[in-house]
Structure formats: structure tokens, C-alpha cells
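A.B. asks: Taking our numbering, the leading residue of the sequence shown gets 118, the next gets one more, and so forth.
Note that beta-carbon positions come from the ideal geometry of N, C-alpha and C, so glycine has one too.
Have a look at the structure that comes next, please.
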Amino acid sequence: MSADPLSLALAMPKAELHLHIEGTLEPDLAFALARRNGVTLPWPDEAALAAAYDFDSLQSFLDLYYTCAQVLQTRADFRDLMLAYLARAAADGVIHAEVFFDPQTHTARGVPFGTLLAGLEDGLAEGAARWGVSGRLILCFLRHLSEDEGFATLAEAEPYLERIHGFGLDSSERGHPPAKFARLFARCRALGKPVVAHAGEEGPPAYIAEALDVLGACRIDHGVRAVEDAALLARLAREGVPLTVCPLSNVRLRVFPAMVEHSLPRLLAAGAKVTINSDDPAYFGGYLGANIRAVQAAFQLDAAAWYRLARNSFEASLATDEEKAGWIARLDAHFAAAGVAPA
Ligand code: HPA
Ligand code: ZN
């Protein structure tokens, strides 16, 4: 007796590697924090805010996302945000989350770096205690800002380095190639930290190669436009470069016109090390479980493919080999208990 692939995929233990904590701000929490902090949002109520989630590009989303982030002000706000995310992630079978945060969005408004970091860590600690979810923080630099502004943020982060697991690059991709941050990322790597970068979401496949070759990225966030360059796609597969793919995000931001046109099956067929993630789930129609349902409705993956995706999520994580082995053993046990031999 074997479970159907969708039930297996929803319940299997998994890691989430591409999640912006600011992108988990649901309309009800946004308005609750706005009231708590005396901030006026430019929408009359939650329904009006949710109705504004009609994006036609990455930039149209980012404009709204940065506006909503203004309600986040205190340590408790960041803790509440993280805890709300972890509750949902745990319900979707996430046992390890590598969470992006954008300090520049907050420090520019006067929120101290130490305050937002402490709040996010409060949430991670409480989430670990309540649901057993392991969590790590990845500091993302905003690529629409200058490299010098990135260096200023890195200087603010340096006293807290042992609490920051790695560094990433997000925000508006077009016109802001990875090479703009070559010196900054060299410095992050010199500090002994792994670096990742958004590339090949709206930007061209060449940005994926640049993120690897110039920034030294060990993982590419999105990377879905790699299918436009056969040599690059072959390289990603050969080198086992993880791609943190976010299916609902890509459809909501019109990277692909519909889920059935998403490059995910082509990436999998080429042997790329793909993982599935939710990106900004409050804005894009759902958390990891919703992404899994949408992928399954479009592509009817089999149990072996779902096993591979979950296994990739652990292998591609920034955790220790020992942690990875423990999680993969849990994944194998899940499939064995369902009567499905792992592929
Ligand atoms: N792309 C770039 N920047 C972002 C994203 C994204 O999907 N989400 C939050 N910041
Ligand atoms: Zn992202």
C-alpha cells in the first residue's frame, strides 16, 4: 500500500531555503502591527491591501512589499512575524528553514540592527521549542542600493557575525547585475560565510553565471531562466549547483504566464539540483504546501521526484553534514513508512 505522491509530498520532512521573512507579513498582522505602532498604511483595511496584490512584475511587488514592511518596528514585531511563519512552515512539514532578512529595509527607517536581529532570533528560538523547527538567518543586501551601502550594512552586522549564517542578494534584479557587488561578496566570503544570490528570476541567464563566477555563490535563488541557456543548464547540473525555485512567486510575478509553463520540469529533466520554496508566501498565494499543491496540479510528479526535491532541500542547506544526514534519515523513514522505497 503506497500513499499518493501529493499526500507524501505535503507530509514529508523538508527544508525551506528561499523565504524572505518580510514576505510572510500577512494583511491581518500588518494591520495589527500598524495599530500597535501608530503607523498609517495606504490602504483602508486588510481586504483593500489583499486586493492590491495584483502584480505585473518583480518591481510592482517590491514597491508594495517595502511599504508594508514599515509596520515592523520593535523586537516583538520581528518575533511575532517569525513565529507566525514558523507555525505555518511546521504545519507544511518544514523541519529546517534558512530565512532571508533585509536589514536595510528597516535600518533606513531607524530600526537598530540589533533590535531586528534579536526579534528574529526570539522567534527562531520559540519556534524551535514549540515545533522543533531548526532555523538559520541569511542577511540579504538590497541590490537596488549601492555596494557602499552594502558595506555599511556589513559593518553594522559584524558584531553579530556568529549569529548570521550567510549572505544573499535580493530586490530589483534588472539593471543590477551580481558584479555590482563583487567586492562586498568577496569580503563576506573572507569572513568565512557562504554566499547565495538571486539570479535568473527576471534577469538574464548570464546573471546566474556571474553570481557563481564573480560572487562565488554556492546556491542560486530562483535560477529558473537557466533553461534559456543550454550550456549553463548543463553546467548547473554537472556542478550540482542548488536552485531554490519558487513556483507560485514566478507565476504571480509573471516570470511564467501560467504554472504549466514553469521551467521546473525542464530543470528537473536536465538534472539540476532543484528545491521548492515559497519566497514571499503572504503575497504570492501560499506557503510551501500551497506551492507543492500548485506544482502537483500542473505536473503530476511521482513519489521519486518528490523524494528527490526534499532530499535536495537538505543537501543544499547550509547545515552541517551531521545535521543533513539526520534529516535525510527522517525523510527516508517517512517514505519507508508509506511503503515507498526512496529513489
Ligand atoms: N526577488 C527579488 N527580491 C526579493 C524577492 C524576490 O523574489 N522577494 C523579496 N525580495
Ligand atoms: Zn526571493
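Take Ala299 and list the residues in its own chain whose beta-carbon comes closer than 6 Å to its own, dropping the five residues that flank it on each side.
C.D. replies: Within the sequence shown, residue 299 is the residue found at index 182, counting from 1. Cβ neighbours of Ala299 beyond the five flanking positions: Val331.
A.B. asks: Taking the straight line between their C-alpha atoms, what separation do you get for Leu181 and Arg260?
C.D. replies: Position 64 of the sequence shown holds residue 181. Position 143 of the sequence shown holds residue 260. Their backbone Cα atoms lie some 17 Å apart in a straight line.
A.B. asks: Pull up the distance between the alpha-carbon of Pro459 and that of Phe172, whole angstroms please.
C.D. replies: One-based indexing of the sequence shown puts residue 459 at position 342. One-based indexing of the sequence shown puts residue 172 at position 55. The straight-line gap from Cα to Cα measures roughly 39 Å.
A.B. asks: Could you check which residue in Thr361, Cys257, Ala269 has the C-alpha nearest to that of Glu133?
C.D. replies: Residue 133 sits at position 16 when you count from the first residue of the sequence shown. Of Thr361, Cys257, Ala269, the residue nearest in Cα terms is Thr361.
A.B. asks: Apart from the five residues on each side of it in sequence, which residues of its chain come closer than 8 Å, Cβ to Cβ, to Ala351?
C.D. replies: On the sequence shown, position 234 is the one that residue 351 refers to. Ala387, listed in sequence order.
A.B. asks: In three-state terms, what does DSSP make of Ala126?
C.D. replies: The count along the sequence shown starts at 1 and reaches residue 126 at position 9. Helix, per DSSP.
A.B. asks: Anyone know if the C-beta pair for His451 and Met199 falls short of 8 Å?
C.D. replies: Residue numbering aside, residue 451 sits at position 334 when the sequence shown is read from its first letter. Residue numbering aside, residue 199 sits at position 82 when the sequence shown is read from its first letter. For the 8 Å CB-CB criterion, His451 and Met199 do not form a contact.
A.B. asks: Whose beta carbon lies closer than 6 Å to any heavy atom of ligand 2, going through the chain in order?
C.D. replies: His135, His137, Asp287, His315, Asp338, Asp396
A.B. asks: Taking the Cβ atom as the reference point for each residue, do Ala296 and Ala314 lie within a distance shorter than 8 Å?
C.D. replies: The count along the sequence shown starts at 1 and reaches residue 296 at position 179. The count along the sequence shown starts at 1 and reaches residue 314 at position 197. In this structure, Ala314 does not lie closer than 8 Å to Ala296 by Cβ.
A.B. asks: What span of residues does the beta strand (DSSP E) with Ala338 cover, start to end?
C.D. replies: Reading the sequence shown from its first residue, position 221 is the one you call residue 338. In the sequence as presented, Ala is not what sits at residue 338; that position holds Asp. Asp338 -> beta strand (DSSP E) spans 337-339.
A.B. asks: Looking at ligand 1, does it come within less than 7 Å of Leu175, judged from the CB to the closest heavy atom?
C.D. replies: Residue mapping note: residue 175 aligns to position 58 of the sequence shown, counting from 1. Yes, Cβ of Leu175 sits closer than 7 Å to a heavy atom of ligand 1.
A.B. asks: When DSSP labels each residue in this structure, what does Ser251 get in the three-state scheme?
C.D. replies: Counted from its first residue, the sequence shown places residue 251 at position 134. Strand, per DSSP.
A.B. asks: Using DSSP with H/G/I as helix, E/B as strand and the rest coil, what is Lys297?
C.D. replies: If you number the sequence shown from 1, residue 297 lands on position 180. Three-state DSSP puts Lys297 in a helix.
A.B. asks: Is it true that the region 154-165 meets the region 233-245, where meeting means three or more beta-carbon pairs spaced less than 8 Å apart?
C.D. replies: no
A.B. asks: Quick check on this structure: which residue in Leu234, Ser289, Ser263, Leu262 has the alpha carbon closest to the alpha carbon of Glu279?
C.D. replies: Taking the sequence shown and counting its residues from 1, one reaches residue 279 at position 162. Looking at the Cα atoms, Leu234 is the closest of the given residues.
A.B. asks: According to DSSP, is Cys257 helix, strand or coil?
C.D. replies: Locating residue 257 in the sequence shown gives position 140, counting from the first residue. Looking at Cys257 - three-state DSSP - the assignment turns out to be strand.
A.B. asks: Comparing the CB of Glu318 with every heavy atom of ligand 1, is any distance shorter than 7 Å?
C.D. replies: One-based indexing of the sequence shown puts residue 318 at position 201. At least one heavy atom of ligand 1 is nearer than 7 Å to the Cβ of Glu318, so yes.
A.B. asks: With Glu432 as the anchor, note down where its alpha helix (DSSP H) starts and where it stops.
C.D. replies: In the sequence shown, residue 432 corresponds to position 315, counting from 1. Element bounds for Glu432: 420-432.
A.B. asks: So for Thr392, helix, strand or coil by DSSP?
C.D. replies: Position 275 of the sequence shown, counted from the start, is the residue given in the question as residue 392. Three-state DSSP puts Thr392 in a strand.
A.B. asks: Just to confirm the assignment, what range does the alpha helix (DSSP H) spanning Ile325 have?
C.D. replies: Here residue 325 refers to the residue found at position 208 when the sequence shown is read from its first residue. First-last of the alpha helix (DSSP H) with Ile325: 322-330.
A.B. asks: How far does the alpha helix (DSSP H) with Gly267 in it reach, from first residue to last?
C.D. replies: As a working mapping, residue 267 is identified with position 150 in the sequence shown. Where Gly267 is concerned, the enclosing alpha helix (DSSP H) stretches over 264-274.
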